Amino acid sequence: MSEFDSLLQGMNLILTPGHIGLMVVGVLLGILVGVLPGLGAPNGVALLLPLTFTMAPVSAIILLSCMYWGALFGGSITSILFNIPGEPSSVATTFDGYPMAREGRAAEALTAAFSSALIGALCGVLLLTFLSTRIAEFAMSFSSPEFFAVYLLAFCTFIGMSKNPPLKTVVAMMIGFAMAAVGMDTVSGNLRLTFDQPILMTGISFEVAVIGLFGIGEILCTVEEGLVFRGEHARITPMVILRTWARLPRYWLTIVRSTLVGCWMGITPGGPTAASFMSYSLARRFSKNRDNFGKGEVEGVIAPETADHAAGTSALLPMLTLGIPGSATAAVMLGGLMIWGLHPGPTLFVEQHDFVWGLIASMYLGNVVSLIVVLATVPLFASILRIPFSIIAPIIIMICAIGAYSVHNAFFDVVLMLGFGALGYLFKKLGYPIAPLVLAAVLGDKAEDAFRQSMLFSDGQLAIFWSNPLVGSLTSAALAILFWPLLSRGLRGLLGWRGRHPAKAKSAP
Amino acid sequence: MSHSTNSSKLVGTRWVELGLTLFTAAIGAVVMLGSVEQGIGWGDAGPEPGYFPFYIGLLLSVASLANSLLTLLRWQALSVAFVSRAAFAQVLSVFIPIALFVAAMPFTGIYLASALFIAWFMWRDRVRTKPYGKWMIGGVSLGAVTASYLIFALWFKVPLDAGPVGDWLAMAGSSLK
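Those protein sequence lines, which keep their order, are chains A and B. Using this note's numbering, you'd call the opening residue of the first sequence number 2 and step up by one each time. Using this note's numbering, you'd call the opening residue of the second sequence number 3 and step up by one each time.
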């Protein structure tokens, strides 16, 4: 069956009033968590997860993925109007978005941000539509060593490419793996790392960790910075929208470049945050208006937003086809898939044809719905941010506590959430990344299974990871990326090449 | 080092940095210990349950210790304050109430604890130019709790522990009938 037929089938499945209603609800909730400090896409999705257990998987994934799109859009509202990135991935949008808002061009900046975001997202979905079946078919021939090599590649990319110190990334990741190991061992049925505490038998849920690390940790950081919301006002009129749209084609090159950067970073686990920063610095380097960057240049809004959304949507490609999420939010959604009883990976495309294509079709529609909803509701959500912190904060904390409780109906999880909150605060202050921890916590069991199976095949010989060209090149690529910072330094030393260094240092504020 | 600049400094970044690395190293040690209990070798059915986690714990400890070494190497550079006294007081003024809120939950149930928490948080902010009135505080806290009851317990059928208050309400409800 061709992709186009499958897509039409998916469209057929989701074009019901109920599903479109879910989309609007998901987008509104998403914008809300994107706008509120302390709630973001990863923990928004984690908070909603327990509520989806009674839903059909297609409806559940529509709700969660639309929440993701909404959160990505919501993050740009706060970046532009308040100079506060609601999401880490929209930090780069503040550089030019906020100056534009101060000049009274907030509506133009918002429209440009949302429209270019939609373009980026749609390109990401197109990529997903036409590549996913092929990758899934290719991955059907994978067995355990190949899967482990792919996991290894994902984890090594995090360590080698991250802006955080590599050893800190390793520590965060290993804590995630250790969390995943607590509880029942899937192979032998033994209870591991529980130390005879019945409370640990069910294991440590990644949802609780996400809610604590992102939610409570973020609130603590916000409090410490003594955040006051002083924002610019915006009213988006149809006239401004049309005028901005008329000017967008002028920036086609930036849009194309940012889309490519975004799709690449989304598929490899660079994630939306890295994509938006990289896209911004590339746009600045190649722009004619280079000097205007940072002072309110619309190109500086378009570039990070396009890349952010392209990365956000294409992060679902490796998640669906290989079972490896490209971002923290995708990791939480992957955990949801497993809870609903689906097996992410290549078999999903055969066994759950309707689910996959319903999701892909909903991504086209969901992003368009997001644009309409977000353009219509900017003033509403901007006014939510003007509610004093002393009302918003306790309500957010209550929602986090209820969310953590409802994972297993256990008070112990709320205590864990608090512990993770303190850890998240320290991690943020000391430059430890959180995303690898979440990724490892979600994927830990699967990675371990793949590793143990491979070891069984080979009788404990690590050489199995070089036993055929495919697995060999994956493993070698993983190791090359892992040691990339060292390798590139060595190469640069050999060639005496330092030209790019000052520019790079300037582009990472 | 001048003392005047350090007056508002609570603790140097290096101490926090070092403390966290030792903490993560300890977690690694615990993981290794737990894995050894399960067997980390090669059993009849291939790798034993502790095989994989053991190396996770090992990597965690080794990376943590390397981090502490890096901290020690950069000891002078990391002498900057981790957080100023005022900012840390702010953080504690939010963290301690959250901890109390969490501790109270099993005894009072989620709804009562949440309502009290929100009300207290708003009442505390009375130093602002326009303090919230009684009705405002009551309205917001009861409203938030009612909304969470409607959304979680009724709409999505996720039961939340209402604690003794819930039992009393249920008893009162049944005796009315």
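All C-beta atoms, glycine included, are put in the ideal place defined by N, C-alpha and C. Treat the numbers as computed from the prediction; the structure is a model and nothing was measured.
Comparing the C-beta of Thr203(A) with each C-beta of chain B, is any distance below 9 Å?
-> Counting from 1 along the first sequence, the entry for residue 203(A) is found at position 202. Thr203(A) does not count as touching chain B.
Buried or exposed: Ser407(A), going by 16 or more other Cβ atoms within 10 Å of its Cβ?
-> Position 406 of the first sequence holds residue 407(A). Answer is buried; the Cβ neighbour count reaches 16.
Verify whether the separation of the beta carbon atoms of Gly75(A) and Val36(A) is less than 9 Å.
-> Within the first sequence, the letter at position 74 stands for residue 75(A). Within the first sequence, the letter at position 35 stands for residue 36(A). Yes; because the gap between Cβ atoms is below 9 Å, this pair is in contact.
Is Lys505(A) helix, strand or coil when you go by DSSP?
-> Position 504 of the first sequence holds residue 505(A). In this prediction, Lys505(A) has a pLDDT of 42, which is less than 50 and means its spatial position is unreliable; nothing more can be read from the coordinates.
Between the stretch 167 to 176 of chain B and the stretch 95 to 114 of chain B, do at least 3 Cβ pairs fall closer than 8 Å?
-> yes
Got a sec: which bits of the stretch 55 to 67 of chain B sit with their beta carbon under 7 Å from any beta carbon on chain E, in order along the chain?
-> Within the model displayed, chain E is absent; protein chains A and B are what it includes.
Pro58(A) versus chain B: which residues are under 7 Å apart at the beta carbon?
-> By 1-based counting over the first sequence, the position of residue 58(A) is 57. Those within 7 Å of Pro58(A) in chain B number zero; the least Cβ separation is about 16 Å.
Candidates Val147(B), Leu162(B), Leu94(B), Val18(B): which alpha carbon is nearest Val82(B)'s?
-> Numbered from 1 along the second sequence, position 80 holds the residue referred to as residue 82(B). If we check each option's Cα against that of Val82(B), Val18(B) comes out closest.
Is there at least one Cβ from chain B nearer than 9 Å to Gly473(A)'s Cβ?
-> Residue numbering aside, residue 473(A) sits at position 472 when the first sequence is read from its first letter. So, not an interface residue.
Within this structure, are the beta carbons of Pro347(A) and Ala481(A) separated by less than 9 Å?
-> Within the first sequence, the letter at position 346 stands for residue 347(A). Within the first sequence, the letter at position 480 stands for residue 481(A). Taking 9 Å as the Cβ cut-off, Pro347(A) and Ala481(A) do not qualify as a contacting pair.
Would you call the stretch 239 to 253 of chain A and the stretch 275 to 282 of chain A in contact, with 3 or more CB pairs under 8 Å?
-> no
Any C-beta of chain B under 9 Å from that of Ser117(A) | Mapped onto the first sequence, residue 117(A) falls at position 116. Chain B, which has no Cβ nearer than 9 Å to the Cβ of Ser117(A), makes this no.
C-beta neighbour in chain B for Ala506(A), strict 9 Å | One-based indexing of the first sequence puts residue 506(A) at position 505. Because the pLDDT of Ala506(A) is 41, which lies under 50, any placement of that residue in the model is unreliable, and the number read from its coordinates should be weighed accordingly. Not an interface residue.
Nearest chain B C-beta to Thr17(A) closer than 9 Å, yes or no?
-> Stepping through the first sequence from its first residue, residue 17(A) is reached at position 16. Answer no: the Cβ-Cβ gap between Thr17(A) and chain B never drops below 9 Å.
Check the Cβ-Cβ distances between Val171(A) and every residue of chain B, and say whether any is below 9 Å.
-> Locating residue 171(A) in the first sequence gives position 170, counting from the first residue. Taking Cβ atoms only, chain B reaches closer than 9 Å to Val171(A), which makes this a yes.
So which residues on chain A does Gly111(B) lean against when the C-beta distance must stay under 8 Å?
-> For this step, residue 111(B) is matched to residue 109 along the second sequence. Here the premise fails: no neighbours, minimum Cβ distance about 10 Å.
Please look up how many angstroms separate the CB atoms of Ala114(A) and Ser77(A), rounded, as I've assumed it's under 8 Å.
-> Stepping through the first sequence from its first residue, residue 114(A) is reached at position 113. Stepping through the first sequence from its first residue, residue 77(A) is reached at position 76. Yes, they are in contact, since the Cβ atoms of Ala114(A) and Ser77(A) sit about 5 Å apart, within 8 Å.
Nearest to Val13(B) by CA position, among Val33(B), Ala88(B), Gly45(B), Leu35(B), is which residue?
-> The residue labelled residue 13(B) in the question sits at position 11 within the second sequence. Considering only alpha carbons, the answer is Ala88(B).
Taking 8 Å as the threshold, find out whether the stretch 378 to 386 of chain A comes into contact with the stretch 202 to 216 of chain A through three or more Cβ pairs.
-> no
Should His20(A) be flagged as near chain B, meaning a C-beta pair shorter than 9 Å?
-> Working through the first sequence from its first residue, we reach residue 20(A) at position 19. Closer than 9 Å: no.
DSSP beta-bridge partners for Pro49(B)?
-> As a first step, residue 49(B) must be located in the second sequence, where it is residue number 47. The partner list for Pro49(B) (beta bridge, DSSP) reads Trp44(B).
Span of the alpha helix (DSSP H) holding Ala105(B)?
-> Working through the second sequence from its first residue, we reach residue 105(B) at position 103. From DSSP, the alpha helix (DSSP H) with Ala105(B) extends over 87 to 126.
Report the three-state DSSP secondary structure of Val369(A) (helix, strand or coil).
-> As a position in the first sequence, residue 369(A) is number 368, starting the count at 1. Val369(A): helix per DSSP, three-state reduction.
Amino acids of chain B, ordered along the chain, whose beta-carbon sits closer than 7 Å to that of Ile396(A) | What you label residue 396(A) is simply residue 395 of the first sequence in a count that begins at 1. Ordered by position in chain B, the residues that pass the 7 Å Cβ test against Ile396(A) are Ile120, Ala146.
Would you tell me roughly how many angstroms separate the C-alpha atoms of Ile50(B) and Thr314(A), rounded to the nearest one?
-> As a working note, residue 50(B) is residue 48 in the second sequence. As a working note, residue 314(A) is residue 313 in the first sequence. Before going on, a small fix: residue 50(B) reads as Glu here, not Ile. Approximately 39 Å between the Cα atoms of the pair.
Contact set between the stretch 94 to 109 of chain B and chain A, restricted to residues whose Cβ is under 9 Å from the partner = Ser95, Val96, Phe97, Pro99, Ile100, Ala101, Phe103, Val104, Ala105, Met107, Pro108
Same chain, Cβ closer than 6 Å to Ala173(A), five either side skipped, listed in chain order = Residue numbering aside, residue 173(A) sits at position 172 when the first sequence is read from its first letter. Correct list, in chain order: Tyr433, Pro434, Pro437, Leu438.
Segments assigned beta strand (DSSP E), at least 3 residues, entirely inside the stretch 104 to 128 of chain A = none
Which residues, in chain order, does the stretch 65 to 89 of chain B contribute to contact with chain A at a C-beta distance below 8 Å?
-> Ala65, Ser66, Ala68, Asn69, Leu72, Phe84, Val85, Ala89
Residue environment, Lys289(A), which counts as buried when at least 16 other CB atoms sit within 10 Å | The residue you call residue 289(A) lines up with position 288 of the first sequence. When all chains shown are included, Lys289(A) counts as exposed.
Could you tell me whether the Cβ atoms of Ala121(B) and Val142(B) are closer together than 9 Å?
-> Reading the second sequence from its first residue, position 119 is the one you call residue 121(B). Reading the second sequence from its first residue, position 140 is the one you call residue 142(B). Going by C-beta atoms, Ala121(B) is nearer than 9 Å to Val142(B).
Excluding five sequence neighbours on each side, which residues of the same chain lie with their C-beta closer than 6 Å to the C-beta of Trp341(A)?
-> As a working mapping, residue 341(A) is identified with position 340 in the first sequence. Here the set comprises Pro58.
Kindly list, in the order they appear in chain A, the residues whose Cβ is closer than 9 Å to that of Trp48(B).
-> Residue mapping note: residue 48(B) aligns to position 46 of the second sequence, counting from 1. In the sequence on display, residue 48(B) carries Gly and not Trp. Going along chain A in sequence order, the residues near Gly48(B) (Cβ under 9 Å) are Val188, Arg453, Gln454, Met456, Leu457, Asp460, Gly461.
Would you list the residues sitting across from Met185(A) in a DSSP beta bridge?
-> Reading the first sequence from its first residue, position 184 is the one you call residue 185(A). Leu192(A).
In terms of residues, what are the limits of the alpha helix (DSSP H) holding Tyr406(A)?
-> Counted from its first residue, the first sequence places residue 406(A) at position 405. Unbroken alpha helix (DSSP H) run through Tyr406(A): 390 to 409.
Quick one: Cα of Ala308(A) to Cα of Ala27(B), how far?
-> For the purposes of this step, residue 308(A) is taken as the residue at position 307 of the first sequence. For the purposes of this step, residue 27(B) is taken as the residue at position 25 of the second sequence. Cα to Cα, the separation comes out at about 37 Å.
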